[in-house]
Amino acid sequence: MDIAHSINNKNLHRCLCHLDYVNKNIILSPNNDIWVIDFDKCAIDYRVHDIGYFLRRLLRRKNTNWDATLAVEILEYYDKFIPLNLDEYKYILSYLSFPQKFWKISRDYYKNINKCNKKSFQKILKSSVEDIDNQSEFVYLFGKHIESRFGRDLIY
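Here it is, written out as structure tokens:
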């Protein structure tokens, strides 16, 4: 994807990132205080890395199924407090474009080729290929949103 090559890294803000920002690491107290736990993967990184990771974990679920509208709503809400620039949006788009599930299943299959249940892996792989269609549609729609938001064409 050429978009990743067009990112100006100087425009990506660095901060302390959690790098495992998922629901199991967020605790809501009885007083509605929010507590984030499990900082073992914590590092200085681009702030949009955490955002991309959070979005991928959310969007890959069956009930959200790469819903571009949901991603846009989340980012618009985030933007109210901490505005993101074009390069940060391009980073998120590039991050969410990578077929993580397909890559992980393929890697695991070839690492365990002599020990694995091939039929089981084929079923999981087939499911991940179907997810890629939804993910591809998401990438297209999210890219169009970025173009509209910033009034610029992206290079695909």
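Read in order, the letters of the sequence shown correspond to residues 1 to 156 in the UniProt record's numbering.
Just so it is clear, CB atoms sit at the ideal spot from N, CA and C, and this is done for glycine as well.
Does the contact criterion of 3 or more C-beta pairs under 8 angstroms hold for the stretch 139-155 versus the stretch 78-98?
yes
Are at least three pairs of beta-carbons, each pair with one atom in the stretch 110-120 and one in the stretch 35-50, less than 8 angstroms apart?
Flag = no, the stretch 110-120 and the stretch 35-50 do not touch.
With DSSP run on the structure shown, which of helix, strand or coil describes residue 21?
coil
Suppose you measure from the CA of residue 112 to the CA of residue 33; what does that come to, to the nearest Å?
Within the model, the alpha-carbon separation for residue 112 versus residue 33 is close to 44 angstroms.
Is residue 103 helix, strand or coil when you go by DSSP?
Residue 103 falls in the helix class under three-state DSSP.
Closer than 8 angstroms is the cut-off here; do at least three beta carbon pairs connect the stretch 1-16 with the stretch 92-101?
yes
Going by alpha carbons, who is nearest to residue 19 out of 31, 37, 106?
Among 31, 37, 106, the Cα nearest to that of residue 19 is on 37.
Could you say if the stretch 58-76 and the stretch 134-143 meet the contact criterion of at least three C-beta pairs nearer than 8 angstroms?
yes
Following the continuous alpha helix (DSSP H) through residue 157, name the residue where it begins and the one where it ends.
Not covered by the structure: residue 157. The range shown for the chain is 1 to 156.
Are the CB atoms of residue 61 and residue 101 nearer to each other than 9 angstroms?
no
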